[in-house]
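K.L.:
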Amino acid sequence: MLLKAYNLTGRSSKIFALSAAALTILLASWPVRTFISDYRYNKVSSILDDKGTDILDVVGISEETMPYYLESAGTLKSAAAVNPSMPLYHKAVGDIYFKLGRWSDAMEAGKAELPAGALPGKDAYEIALGEFKEAVRLEPANPDYHLALGMLYDSMKADPGASEKELERAGYAYPVDSQLRHAIAQHYLATGRAGLALEQARMLAMHDDSYILPDPYVSGAARERDVQAYRVFLAQSYLFAALDIAWRATKDVRVVKGIVPDTPEAKDVVRLFIDLKGLDVSDVKKKR
67 MLLKAYNLTG
77 RSSKIFALSA
87 AALTILLASW
97 PVRTFISDYR
107 YNKVSSILDD
117 KGTDILDVVG
127 ISEETMPYYL
137 ESAGTLKSAA
147 AVNPSMPLYH
157 KAVGDIYFKL
167 GRWSDAMEAG
177 KAELPAGALP
187 GKDAYEIALG
197 EFKEAVRLEP
207 ANPDYHLALG
217 MLYDSMKADP
227 GASEKELERA
237 GYAYPVDSQL
247 RHAIAQHYLA
257 TGRAGLALEQ
267 ARMLAMHDDS
277 YILPDPYVSG
287 AARERDVQAY
297 RVFLAQSYLF
307 AALDIAWRAT
317 KDVRVVKGIV
327 PDTPEAKDVV
337 RLFIDLKGLD
347 VSDVKKKR
């Protein structure tokens with residue numbers, strides 16, 4: 067019995083030691099994998115940097131720069147392979163192929179021959195589709211992934227319902243994000259869906275607060291004096307952008323005014339919009 071107990075204890079100790087060693091290796095490899103994948107992901111910004119400028123920006127796609135984009139795609143794929151559970155890497159791969167697909171579509175529409183290594187638009191879109199779907203699967207609450215997938219569906223000329231479903235999911239994931247809502251509205255307008263663009267503009271106008279100065283005293287003084295800096299501030303707001311989308315979608319001043327919140331600052335924005343556009347202001351109330 068003592069021998070048997072000793073054997074069991076020895077076996078358990080051996081199993082424990084092996085498990086501990088495996089766990090140690092796993093924990094040690096995790097930061098290494100993260101470091102390698104992050105390095106490869108961040109490397110893309112230098113690969114695609116436009117060397118002709120003094121700032122870090124992305125070079126446009128052309129026959130000359132195509133190798134840079136293909137290299138970037140390969141680098142991002144390797145980052146995703148090292149750390150496949152990181153949705154950001156899959157989204158980045160998809161972004162590259164989405165851009166390549168659009169460029170190839172434009173080249174093919176102009177009857178131009180694609181350079182060596184360039185994928186036809188359809189093939190590039192298929193790769194982007196798989197990557198975007200994987201990003202959504204890994205992080206379904208991220209609105210940017212749904213937005214990218216919805217835009218891709220439209221470029222692929224898929225069922226419009228598929229695109230609209232993803233764009234709706236993007237909006238629901240972060241309903242008060244003005245930048246996101248503006249991007250959705252702009253996309254609907256660009257793809258000829260004026261009604262949906264107007265709906266998004268209404269929600270953008272409802273939730274946006276970028277036209278409100280944080281200090282009430284400063285805001286009151288700026289409104290009273292109607293200074294140029296205040297007008298520039300209002301014109302750069304997302305509410306102003308929402309009014310522009312509503313106007314482009316309907317060409318109706320009444321609709322434009324109808325989406326504006328009933329606040330003094332918001333009314334300043336619509337008056338400025340009407341003034342800058344040179345629209346009919348016969349039924350617009352005086353400022354004061």
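If you number the sequence shown the way the working numbering does, the last residue is 354 and the count never jumps. Glycine included, every Cβ here is placed at the ideal spot set by N, Cα and C. All figures in this text were calculated on a predicted structure; none of them were measured in a lab.
With a Cβ-Cβ cutoff of 9 Å, do Tyr219 and Ile193 count as a contact?
P.N.:
Their beta carbons are not under 9 Å apart, which means Tyr219 does not touch Ile193 by this criterion.
K.L.:
By Cβ distance below 8 Å, which residues in the same chain neighbour Val326 in space, the five residues on each side in sequence not counted?
P.N.:
Counting only Cβ-Cβ distances below 8 Å, and skipping sequence neighbours, we find Ala271, Leu305, Leu309, Ala332, Lys333, Val335, Val336.
K.L.:
So, does the CB of Leu279 fall closer than 9 Å to a CB anywhere in chain B?
P.N.:
In the structure shown, chain B does not exist; there is a single protein chain.
K.L.:
Under three-state DSSP, which class holds Asp171?
P.N.:
Helix at Asp171.
K.L.:
Checking 9 Å against the spacing of the C-beta atoms, do Pro133 and Asn208 come in under that value?
P.N.:
Result no, Cβ atoms of Pro133 and Asn208 do not sit closer than 9 Å.
K.L.:
Could you name each continuous alpha helix (DSSP H) segment of 4 residues or more that falls completely within the stretch 139 to 190, going from the start of the chain to the end?
P.N.:
Runs of the alpha helix (DSSP H) inside the stretch 139 to 190: 153 to 175.
K.L.:
Here's the rule I'm using: 16 or more other beta-carbon atoms within 10 Å means buried, otherwise exposed. How should Gly324 be labelled?
P.N.:
Under this definition Gly324 is an exposed residue.
K.L.:
In whole angstroms, give me the CA-to-CA distance for Thr100 and Gly237.
P.N.:
Cα to Cα, the separation comes out at about 31 Å.
K.L.:
So for Val125, helix, strand or coil by DSSP?
P.N.:
Three-state DSSP puts Val125 in coil, outside helix and strand.
K.L.:
Between the beta-carbon of Asp127 and the beta-carbon of Lys165, is there less than 9 Å?
P.N.:
It should be noted that the sequence gives Ile, not Asp, for residue 127. Yes. Within cutoff.
K.L.:
Helix, strand or coil, according to DSSP, for Asp349 in the structure here?
P.N.:
Only weak support is given to the placement of Asp349: the predicted model assigns it a pLDDT of 47, under 50, and the question is left unresolved by the model.
K.L.:
Hey, how far is the Cα of Pro330 from the Cα of Lys117?
P.N.:
So the two alpha carbons sit approximately 47 Å from each other.
K.L.:
Restricting to runs no shorter than 4 residues, where is the alpha helix (DSSP H) found entirely within the stretch 208 to 290?
P.N.:
Here the runs fully enclosed are 209 to 221, 226 to 239, 244 to 256, 260 to 273.
K.L.:
Run through DSSP, which three-state label would Asp318 get?
P.N.:
In this structure, Asp318 counts as coil in the three-state DSSP scheme.
K.L.:
State the DSSP-derived secondary structure class of Asp115, mapped to helix, strand or coil.
P.N.:
Strand at Asp115.
K.L.:
Taking the C-alpha atoms as reference points, what is the distance between Ala260 and Tyr155?
P.N.:
About 33 Å.
K.L.:
Start and end of the alpha helix (DSSP H) containing Ile340?
P.N.:
From DSSP, the alpha helix (DSSP H) with Ile340 extends over 330 to 343.
K.L.:
Please work out which residues of its chain come closer than 8 Å, Cβ to Cβ, to Asp210, disregarding the five sequence neighbours upstream and downstream, and give them in chain order.
P.N.:
So the qualifying residues of the chain are Lys157, Ala236, Leu246.
K.L.:
In whole angstroms, what is the alpha-carbon distance linking Ala228 and Glu234?
P.N.:
If I take the Cα positions, the gap works out to 10 Å.
K.L.:
Is it buried or exposed for Leu338, if we count other Cβ within 10 angstroms and need 16 for buried?
P.N.:
Answer is buried; the Cβ neighbour count reaches 16.
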